[in-house]
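Residue numbers (the working numbering), protein chains in the order written: chain A, 1 to 258; chain B, 1001 to 1258.
Number of protein chains: 2
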Amino acid sequence: MDSVTRLPIQRITAEGRIKTEDAVVRELPLTIFLNGKELITLLCSPSALDALAAGYLFSEGIIKNRDEIGEIAVDAGGGMVRVSATRDIEPDAWSLSKPIITSAGKKRSLLNTAGFTGQSLIESGVTISAGETMALVNEFQRRSDVFQATGGVHSAALCDTREIIVFADDIGRHNAIDKVLGHCLLQGIAADDRIVVTSGRIPSEILLKAARARVPIIISVSAPTDLGVKLADSLGITVIGFARGDRMNVYTHAERVT
Amino acid sequence: MDSVTRLPIQRITAEGRIKTEDAVVRELPLTIFLNGKELITLLCSPSALDALAAGYLFSEGIIKNRDEIGEIAVDAGGGMVRVSATRDIEPDAWSLSKPIITSAGKKRSLLNTAGFTGQSLIESGVTISAGETMALVNEFQRRSDVFQATGGVHSAALCDTREIIVFADDIGRHNAIDKVLGHCLLQGIAADDRIVVTSGRIPSEILLKAARARVPIIISVSAPTDLGVKLADSLGITVIGFARGDRMNVYTHAERVT
């Protein structure tokens, strides 16, 4: 299924009104079933649906590694992905409706508040130069061609310091990251000691997805939030924001930017 | 609580690296309790939290009108809003984990697939001229000053054809719309026969929020998705996208654009 379709529109400009067609990004409601049980419906772009399902399960902490995934059956037309896990997964472990603060009235630590516990510090010694960062972001922007056509898509990539290794796009920035991490999981590509680049902002949820994959550096052409920055600082992740042209802001763990 | 904070950063440019501060948008995990029961945690900007809670409950179809809301108690520091409803609300009515397709393997109509049923066609006779649209969008862009400071916030507004009536911003485009609709609900401002303007894209979820408030026209400076366009067409809502400078695309119900 193409990620872009064409729809009739009326275009109004200073010159007047014309009937024409416009490229519009597709949005698919995709329901993920885990061991036959309905888990969640994501609104997504209809590409790389196996990677999306695997990446969602992994980056939300529902499955821990590749070995826990048996089969993935994609029915794109029906809007369904059926994943069989190789072990029983307790319904409690599914952080679905995501009540992040699970006990009313009790204050938690920042990491607990964000629904993220038991994660050890990321201590990767990988470094990236400012010039390498700029080159990666330029290549990343060039690859985001669906965005160019429709203005409606986020992109994400896993990179080393020299090149893009995995690239994905989606109408949701969360989904784009999940597609990248899911592809890595399914293909056995290590994400630790590597770099995630995203076209979207870096709020806490994106940061935590990267943390589950043990990614030490995350680069955005846009802005992080304060909670994203605080979590990155605690977890040992380097956050680079507003990486555009020959400029960038380093928010945390600047020792990895040489 | 301010929506923006300042954090230490290292800024790297062609001239070198300096230590400075940057404005970073705040992100608050806010848990909504309804009649004492934990409902959901939203990641949001810490402003207009009463409107956000009311708007979320309304635009998700959990409460139907102003009369169903009793008290709203906001504890911003604790990240909690407690809403008392004037009637018992059945847990089934809460579309929380949002399994959009509720029965595996059965195909549904488009509206059912999007979790939206029983909505009648919006037949508002309101119209807007291209010139009025451009003037509204210009004013809307001018008001989005938090975005200008941090690059991390979406804005939404309720307008008539001449001016902005309610304006809100948030790190989430869904939340920005909920804040606007919640403010309208709490203040008794009618949203039907009026116009929603959003800085974000128009996927199905945004379209359905506007539909619950019976808004006949939605304007974005960005792009809709195909599912957003199809739902708008079915529900009788005019979608105007890419409204920038003196240009715009009308995707549905162009009869309202004069």
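Glycine included, each C-beta is placed from N, C-alpha and C at the ideal position. Note that the structure is predicted; figures quoted are calculated from it, not measured.
Work out the CA separation of residue j and residue i for me, nearest whole Å.
i	j	result
Leu1049(B)	Ala1210(B)	19 angstroms
Ala232(A)	Ile218(A)	9 angstroms
Phe1167(B)	Thr1258(B)	25 angstroms
Arg1006(B)	Gly16(A)	46 angstroms
Gly70(A)	Leu42(A)	21 angstroms
Arg256(A)	Ile1171(B)	28 angstroms
Asp1160(B)	Pro1216(B)	11 angstroms
Ile86(A)	Lys179(A)	Position check: residue 86(A) holds Thr in this sequence, whereas Ile was assumed. When rounded, the distance between both Cα atoms is 21 angstroms.
Arg1244(B)	Gly151(A)	13 angstroms
Val1221(B)	Ser1199(B)	6 angstroms
Gly241(A)	Pro1203(B)	26 angstroms
Ile32(A)	Glu1060(B)	22 angstroms
Arg1143(B)	Ile1206(B)	21 angstroms
Gln187(A)	Ile165(A)	12 angstroms
Met134(A)	Ile1189(B)	48 angstroms
Thr1013(B)	Arg247(A)	4 angstroms
Leu1282(B)	Ile1237(B)	The displayed coordinates of chain B run from 1001 to 1258. Any statement about residue 1282(B) would go beyond what the structure contains.
Ile1100(B)	Ile1128(B)	In this prediction, Ile1100(B) scores a pLDDT of 38, lower than 50, which makes its location untrustworthy; no coordinate-derived value is stated.
Asp1075(B)	Val1081(B)	6 angstroms
Phe140(A)	Asn175(A)	17 angstroms
Val146(A)	Ser155(A)	9 angstroms
Ala1149(B)	Asp1022(B)	9 angstroms
Leu1235(B)	Asp1088(B)	30 angstroms
Leu181(A)	Glu1123(B)	45 angstroms
Val196(A)	Ala157(A)	6 angstroms
Thr1020(B)	Pro1008(B)	6 angstroms
Gly1228(B)	Arg26(A)	9 angstroms
Cys1184(B)	His1253(B)	25 angstroms
Gly1036(B)	Ile1072(B)	12 angstroms
Arg1212(B)	Phe1058(B)	8 angstroms
Glu132(A)	Arg162(A)	7 angstroms
Tell me residue i's beta-bridge partners as DSSP assigns them.
i	result
Asn1249(B)	Arg11(A) and Gly1241(B)
Val1196(B)	Leu1158(B) and Ile1218(B)
Phe1058(B)	In DSSP, Phe1058(B) forms no bridge with anything.
Thr1005(B)	Val1024(B)
Arg82(A)	Phe33(A) and Ala73(A)
Asp1170(B)	His1154(B)
Ile1164(B)	Cys1159(B)
Val1257(B)	Ile1128(B)
Just to confirm the assignment, what range does the beta strand (DSSP E) spanning residue i have?
i	result
Leu1028(B)	Leu1028 to Leu1034
Gly1016(B)	Gly1016 to Val1025
Lys259(A)	No statement about residue 259(A) is possible, as the shown extent of chain A runs from 1 to 258 and does not include it.
So which residues on chain B does residue i lean against when the C-beta distance must stay under 9 angstroms?
i	result
Tyr56(A)	Neighbours of Tyr56(A) on chain B: none; closest Cβ ~14 angstroms, over 9 angstroms.
Report the neighbours of residue i on chain A: residues whose CB is nearer than 7 angstroms to its CB, in chain order.
i	result
Leu1043(B)	Pro203, Ser204 and Glu205
Val1229(B)	Leu7 and Val24
Ser1059(B)	Near Ser1059(B) there are no residues of chain A at all, since even the closest Cβ is about 16 angstroms away, more than 7 angstroms.
Against residue i, what residues of chain B qualify as contacts under a CB-to-CB distance less than 7 angstroms, listed in chain order?
i	result
Asn249(A)	Ile1009, Arg1011 and Asp1022
Mind pulling the chain B residues with CB within less than 8 angstroms of residue i?
i	result
Asp226(A)	Thr1005, Leu1007, Val1024, Val1025, Arg1026 and Glu1027
Asp192(A)	Going along chain B, no residue has its Cβ under 8 angstroms from Asp192(A), so there is no contact; the nearest lies around 24 angstroms.
Asp260(A)	Since the first residue of chain A shown is 1 and the last is 258, residue 260(A) is not available in this structure.
Ala130(A)	Ile1012 and Arg1017
Ala254(A)	Gln1010
Closer than 8 angstroms by beta-carbon distance: list the chain A residues that pair up with residue i, in chain order.
i	result
Ala1223(B)	Val24, Val25, Thr150, Gly151 and Gly152
Phe1264(B)	Because chain B spans 1001 through 1258 in this model, residue 1264(B) falls outside it and cannot be assessed.
Determine the extent of the alpha helix (DSSP H) in which residue i is found, giving its start and end residues.
i	result
Asn138(A)	Ala130 to Arg143
Lys209(A)	Ser204 to Arg212
Lys1230(B)	Asp1226 to Leu1235
Does any residue of chain C have a CB that is nearer than 7 angstroms to the CB of residue i?
i	result
Asp169(A)	The structure shown contains no chain C; the protein chains it does contain are A and B.
* To do: Give, in chain order, every residue of the segment 1012-1039 of chain B whose Cβ lies closer than 7 angstroms to some Cβ of chain A.
  => Taken in chain order, the members of the segment 1012-1039 of chain B whose beta-carbon sits within less than 7 angstroms of a beta-carbon on chain A are Ile1012, Thr1013, Ala1014, Asp1022, Val1024, Val1025, Arg1026, Glu1027, Pro1029, Thr1031, Phe1033 and Glu1038.
* **Under 8 angstroms (Cβ pairs) to chain A, residues found in the segment 1138-1159 of chain B** => Among the residues of the segment 1138-1159 of chain B, those with a Cβ less than 8 angstroms away from any Cβ of chain A are Thr1150, Gly1151 and Gly1152, in the order of the chain.
* To do: Check each residue of the segment 1070-1085 of chain B: if its Cβ is closer than 8 angstroms to any Cβ of chain A, include it; give the result in chain order.
  => Only those residues of the segment 1070-1085 of chain B whose C-beta falls short of 8 angstroms from the nearest C-beta of chain A are listed: Gly1078, Gly1079 and Met1080.
* Members of the segment 171-185 of chain A that neighbour chain B once the beta carbon cut-off is set at 7 angstroms -> Hits within the stretch, in order: Ile171.
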